[in-house]
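In my numbering, the protein residues as written are 1 to 223.
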């Protein structure tokens with residue numbers, strides 16, 4: 001169950017700007033997600049990013065898509081073929097680096113987007129389109145923050161995936177708080193104890209391994 005936080009204490013979560021209702025899409029529209037703003041909004045402080053606008057694309061604009069190699073797709077305009085790949089990759093690398101200062105505990109991305117899509121984004125070849133890609137900005141994001149919980153708004157409609165994401169965001173936030181200062185041995189033991197059942201629910205094997213590390217914590221010298 002969520003515990004409501006005051007505005008000053010809300011957990012910071014990155015998000016695709018269009019999901020908050022910003023009119024930044026190629027057609028000057030948005031994809032406002034009421035569940036995100038109305039239900040999660042009281043608990044999460046959203047940090048909006050629109051890679052396509054921030055990289056210099058106008059609004060409205062020509063839609064873009066991913067083409068070519070699944071492992072290194074190009075981002076091009078649907079009609080003109082304008083190649084945005086280098087500009088987007090350069091922007092994305094710098095933008096996610098800058099996000100380190102935001103102290104994010106999670107991120108919600110727009111599904112199917114050639115910039116923000118996390119899973120099964122269409123990549124077009126000469127003869128067909130395969131749902132096997134990932135947006136260029138999303139790729140840079142997960143590379144920069146490999147442990148941070150990241151999800152697409154569409155998958156939050158699945159109650160199991162939604163619950164999993166929310167739990168991970170709160171747990172990740174508590175871990176960030178633990179290591180915000182110089183965490184002592186006792187604080188680490190208490191953190192492990194407080195998350196005992198959550199860890200066991202996900203992996204009894206890994207819980208046991210972590211328990212062995214925590215049990216021997218007095219053997220480790222502080223660096």
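Backbone N, C-alpha and C define an ideal beta-carbon position, used for all residues, glycine too.
Residue i to residue j span [Cα, whole Å]
i: residue 30; j: residue 42; result: 21 angstroms
i: residue 94; j: residue 160; result: 33 angstroms
i: residue 116; j: residue 218; result: 44 angstroms
i: residue 1; j: residue 200; result: Residue placement at residue 1 is flagged as unreliable, the pLDDT there being 47, under the threshold of 50; the coordinate-derived value follows with that caveat. Their backbone Cα atoms lie some 18 angstroms apart in a straight line.
i: residue 7; j: residue 143; result: Bear in mind that the predicted position of residue 7 carries a pLDDT of just 46, short of 50, making it unreliable; the figure below should be weighed with that in mind. Near 30 angstroms, if we compare the C-alpha coordinates of residue 143 and residue 7.
i: residue 86; j: residue 220; result: 46 angstroms
i: residue 63; j: residue 192; result: 48 angstroms
i: residue 205; j: residue 190; result: 20 angstroms
i: residue 32; j: residue 119; result: 20 angstroms
i: residue 150; j: residue 59; result: 26 angstroms
i: residue 70; j: residue 182; result: 42 angstroms
i: residue 114; j: residue 177; result: 34 angstroms
i: residue 82; j: residue 137; result: 18 angstroms
i: residue 21; j: residue 179; result: 34 angstroms
i: residue 124; j: residue 208; result: 45 angstroms
i: residue 202; j: residue 17; result: 32 angstroms
i: residue 80; j: residue 169; result: 40 angstroms
Beta-carbon proximity list for residue i, same chain, < 6 angstroms, skipping 5 on both sides
i: residue 104; result: 12, 14
i: residue 55; result: 87, 88, 91
i: residue 96; result: 140, 141, 144
i: residue 122; result: 129, 131
Nearest neighbour of residue i, chosen from the options [CA to CA]
i: residue 108; options: 48, 205, 77; result: 48
i: residue 128; options: 67, 213, 183; result: 67
i: residue 73; options: 44, 141, 184, 130; result: 130
i: residue 75; options: 169, 188, 133; result: 133
i: residue 185; options: 215, 35, 157, 39; result: 215
i: residue 19; options: 174, 210, 152, 211; result: 152
i: residue 106; options: 173, 126, 98, 50; result: 173
i: residue 39; options: 126, 188, 166; result: 166
Own chain partners of residue i with C-beta closer than 8 angstroms, once the 5 adjacent residues on each side are dropped
i: residue 171; result: 195, 198
i: residue 61; result: 26, 52
i: residue 84; result: 55, 57, 64, 75, 76, 77
Opening and closing residue of the alpha helix (DSSP H) in which residue i lies
i: residue 142; result: 136–144
i: residue 199; result: 196–202
i: residue 172; result: 159–178
i: residue 87; result: 85–98
Three-state secondary structure (DSSP) of residue i
i: residue 44; result: strand
i: residue 106; result: strand
i: residue 6; result: For residue 6, the pLDDT reaches just 48, beneath the cut-off of 50, and the residue's location in the model is therefore unreliable, although a value from the coordinates is still provided. It is coil, neither helix nor strand.
i: residue 219; result: helix
i: residue 38; result: helix
i: residue 118; result: coil
i: residue 49; result: strand
i: residue 152; result: strand
i: residue 113; result: coil
i: residue 1; result: Reliability fails at residue 1, whose pLDDT of 47 lies under 50, so the model's placement of it is uncertain and the value that follows must be treated cautiously. Note: residue 1 maps to coil in three-state DSSP.
i: residue 13; result: strand
i: residue 213; result: helix
i: residue 182; result: coil
i: residue 67; result: strand
Where the beta strand (DSSP E) through residue i begins and ends
i: residue 130; result: 129–133
i: residue 75; result: 74–77
i: residue 25; result: Where residue 25 is concerned, there is no enclosing beta strand (DSSP E), given that its DSSP letter is neither H nor E.
Any non-hydrogen atom of the ligand MN within 6 angstroms of residue i CB
i: residue 175; result: In terms of ligand content, the structure shown is empty, and the ligand MN therefore cannot be addressed.
Close-in-space but distant-in-sequence residues of the same chain around residue i (CB under 7 angstroms, 5 per side omitted)
i: residue 154; result: 111
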